[in-house]
Amino acid sequence: MICHKYLSSNINQIVSLSLYGYDGVPGQINRFYAYGFTLEEFIHLKSLSLSYFDEQQITDKIIVGLSTLSNLTHLLFEHCKFPTNKADSSLLMNTIWTLPNLIYCYFHEAFVYEWSYARFVVPTVISSSIKYLSIIGVDYGYQSVRIFEHTPNLKHLFVLALGKWWSFQFSMPILSITTLQFSGNSYSKPLDLVEWLPNLSKLKFALSNMQYYVSIGEEWEDIIHQHLKKLKIFQFKIEFDLNEDENNEKRIDRMLDTFRSRFWHDEHQWFIQYDWCLDESKVCFYTLPYAFNEFPLDSFILSKSTCSPNMYQSSYDQVHHLICNVDFFKYSTLLNSQFCNIEKLSIRFPINEQLWFIIPTFDRLASLDILSSRPDQNCKSQFQALLDRAPHLTSLNIHDYWFSWPSEMIIFNKNNASISQLNVLLSDVLYDNEQCIALCDISLAAQCQVLSIRVTNRTCILDLINGMNNLRVLNVQCHDDQSIKNTMSDEDELSHWLSEHQPASCAILDIVRSGKTIHLWIR
């Protein structure tokens, strides 16, 4: 109601709008239209984010609204499934590409699902305004050349993932693009593409599942000399699969040696490191400083680089998500590395005291994933020590069986007031009524606003809503959900039951289903 009044009275002043389908704020897009709003009313809108929707009716309304937003400069679609009807999906893309002032355009896990592929629909009209384009989660680029043809002023392109279906056969070089960032699993494709981009000043890419390639440094040196004379920033991460061979270290060292030439070391000062995961027969080569968001600290790591050990003291400052393996501290040569800007940590217990050196501060930590642990006091003590060092932790995701039980969560009765999101849906634990009531009795329940959980029966849902006073969103899977078992029926029996059994303490404002999960918005 407050949101409705605010939008109504300030509609001509609003320049930025974000609407969600069901992630975190269930049914927000539906309520937006149910209240009588339309996108075309927001004539001064410059930024629009639309997330988590897959309904044809919603897409139709968005198409109509977008066509009127002539001032729009930023547009984001995230986790959206567009209509499979070719005419409708093409109309949506053409509407976007005809927006006269659109500069930044992002499609993150937004696609048409067709023939078991997540497909990006290429527009048939030309945009003269789009300069930044990001396409994440699509691996079906048989018409990829048309993206460049219909976006002639494109300067910055980010593609994840670049796969075997991408084809680059151009009639002439593409002079507009200065920044290219991509990931994929096909080594030949980036080589095919960058040769057509002579004005690139920044190139960043990540490739996985590559085969051993001894002359990699020499080949990239030739490519940059011949085709990328304006390149200033070169950042990469390439993961190679190795065969079981007693000479692997010598082979890997030969690959590293191809990056020791004057071109790499003196002319550009581009330094390379490899991390060899010995027990998994894989090796990862990357530029220093490390330029990617996520970093896995696997066990049995042997590292070597082309620079001196003290040259890059801040080599991992761009890492915000650290995945920490329990065995890492015993066998890794990365023990002297530090990660100072961690926002998300995925970790296994027990941990080693070396963790406090590797992560010297947890002030930025907002999300913690507990991957596994052991049922002992040592793990509990270590967990509490970590929580005590993370004053801004807001999200706790428990994959582990032991820490998922309410009896083990008594640790939360200490001072962890910042945690507002709890996810135990990732574990294998099914909560019954007694356990749900016990969960409500721990201090975390008093502050929890978003809970994700799996329960044995539907009355557990009411127990949680009645017992957690600040609960705003409940994402729940219910073992007695008849709608999952009866796939022949279109009726959502559980959602209907919840609507008819409203708890006395609050109101369920909206119920949205996503597969096995029911999302409830509570007031």
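With our numbering as the guide, the letters of the sequence shown map in order to residues 1435 to 1957.
Glycine is no exception: its CB is placed at the ideal position from the N, C-alpha and C atoms.
Computed from a prediction, not measured in an experiment: that's the story for all the values here.
Residue 1820: which of 1489, 1839, 1841 and 1791 sits nearest, CA to CA?
Per the Cα distances, 1791.
Verify the contact flag: residue 1626, CB atom, against every heavy atom of the ligand ZN, threshold strictly below 8 Å.
The ligand ZN is not among the ligands present in this structure, which contains no ligands whatsoever.
Output the boundary residues of the beta strand (DSSP E) element that contains residue 1758.
Start and end: 1755-1758.
If you follow the alpha helix (DSSP H) that residue 1893 is in, where does it begin and where does it stop?
Per DSSP, the unbroken alpha helix (DSSP H) holding residue 1893 starts and ends at 1893-1901.
Going by C-alpha to C-alpha distance, which of 1838, 1843, 1842 and 1802 sits closest to residue 1830?
Minimum Cα distance to residue 1830 is reached at 1802.
Measuring only the C-alpha atoms, how far is residue 1957 from residue 1901?
Taking the straight line from one Cα to the other gives about 13 Å.
Just the Cα atoms here: how many angstroms apart are residue 1843 and residue 1899?
One C-alpha to the other measures close to 19 Å.
Under a Cβ-count criterion, where at least 16 other Cβ atoms within 10 Å of its own Cβ denotes burial, should residue 1767 be classed as buried or exposed?
Residue 1767 comes out exposed.
Classification of residue 1444 by the beta-carbon crowding that lies within 10 angstroms, buried from 16 upward
That one is exposed.
How far does the alpha helix (DSSP H) with residue 1467 in it reach, from first residue to last?
Its alpha helix (DSSP H) spans residues 1462-1468.
Put residue 1495 into one of helix, strand or coil per three-state DSSP.
Correct three-state label for residue 1495: helix.
What are the start and end residues of each continuous beta strand (DSSP E) run of 3 or more residues lying completely inside the region 1840-1878, in chain order?
Runs of the beta strand (DSSP E) inside the region 1840-1878: 1855-1857.
Check whether the Cβ atoms of residue 1917 and residue 1933 sit closer than 9 Å, and answer yes or no.
It is not a contact, given that the beta carbons lie outside the stated cut-off.
Measure the alpha-carbon distance for residue 1478 versus residue 1450 and round it to whole angstroms.
Straight-line Cα distance between these residues: approximately 9 Å.
From this set, 1759, 1652, 1521 and 1723, which residue's C-alpha is nearest residue 1745's C-alpha?
If we check each option's Cα against that of residue 1745, 1723 comes out closest.
Within its chain, find whatever has a CB closer than 6 Å to the CB of residue 1859; leave out the 5 residues flanking it on each side and keep chain order.
Within its own chain, the residues whose Cβ lies closer than 6 Å to the Cβ of residue 1859, once the five positions on either side in sequence are excluded, are 1886, 1887 and 1888, listed in chain order.
Have a look at the DSSP bridge pairing and note the partners of residue 1830.
Answer by DSSP bridge pairing, in chain order: 1802 and 1856.
Pull up the distance between the alpha-carbon of residue 1800 and that of residue 1827, whole angstroms please.
Just so you know, the alpha carbons of residue 1800 and residue 1827 end up roughly 4 Å apart.
Going by beta-carbon coordinates alone, are residue 1816 and residue 1840 separated by less than 9 Å?
Not a contact, by the Cβ cut-off of 9 Å.
DSSP three-state label for residue 1955, please.
DSSP places residue 1955 in the strand class (E or B) of the three-state scheme.
Measuring straight from C-alpha to C-alpha, what distance separates residue 1535 and residue 1587?
Each residue's alpha carbon lies about 12 Å from the other.
Please state the DSSP three-state secondary structure of residue 1640.
DSSP places residue 1640 in strand when its eight states are reduced to three.
Given that a residue counts as buried once 16 or more other Cβ atoms are within 10 Å of its Cβ, and exposed if not, what is residue 1954?
Residue environment analysis places residue 1954 among the buried positions, since at least 16 neighbouring C-beta atoms fall within 10 angstroms of its C-beta.
Can you look up residue 1778 in the DSSP assignment and give me helix, strand or coil?
The three-state secondary structure of residue 1778, taken from DSSP, is strand.
When the distance is taken between beta carbons, is residue 1495 closer than 9 Å to residue 1538?
Not in contact: residue 1538 and residue 1495 (Cβ atoms no closer than 9 Å).
Please state whether the Cβ-Cβ distance between residue 1706 and residue 1651 is less than 9 Å.
Residue 1706 is a Cβ neighbour of residue 1651, given a cutoff of 9 Å.
Using 9 Å as the limit for Cβ to Cβ distance, is residue 1607 near chain C?
Any reference to chain C falls outside this structure, which holds one protein chain only.
With 16 other Cβ atoms within 10 Å as the buried cut-off, status of residue 1748
Per the 10 Å Cβ criterion, exposed.
Quick test of your reading: residue 1584 and residue 1556, contact by CB under 8 Å. State the CB separation rounded to the nearest angstrom.
Yes, residue 1584 and residue 1556 are in contact; Cβ-Cβ is about 7 Å, under 8 Å.
Take residue 1436 and list the residues in its own chain whose beta-carbon comes closer than 7 Å to its own, dropping the five residues that flank it on each side.
Model confidence at residue 1436 stands at a pLDDT of 48, short of 50, so the residue's coordinates are unreliable; what they give is reported in the following sentence. In the same chain as residue 1436, and ignoring 5 residues on each side of it, no C-beta atom comes closer than 7 Å to its own.
What residues in its chain sit with their C-beta under 6 Å from that of residue 1908, if we drop five residues either side in the sequence?
By the criterion of a C-beta distance shorter than 6 Å, residue 1908 is surrounded in its chain by 1885 and 1954, once the five residues flanking it on both sides are discounted.
Could you round the C-beta distance between residue 1758 and residue 1780 to whole angstroms and report it? I think they count as a contact, below 8 Å.
Contact between residue 1758 and residue 1780 is confirmed by a C-beta separation of about 7 Å, below the 8 Å threshold.
Figure out for me which residue from 1703, 1448, 1452 and 1540 has the closest Cα to the Cα of residue 1476.
Looking at 1703, 1448, 1452 and 1540, the one whose alpha-carbon comes closest to that of residue 1476 is 1448.
Along the chain, which unbroken stretches of the beta strand (DSSP E) at least 3 residues long are found entirely within the region 1669-1733?
List check, beta strand (DSSP E) in window: 1705-1711, 1716-1722 and 1728-1731.
Give me the DSSP bridge partner(s) of residue 1910.
In DSSP, residue 1910 forms a bridge with 1887 and 1952.
Please confirm whether residue 1895 and residue 1874 have their CB atoms less than 9 Å apart.
Not in contact: residue 1895 and residue 1874 (Cβ atoms no closer than 9 Å).
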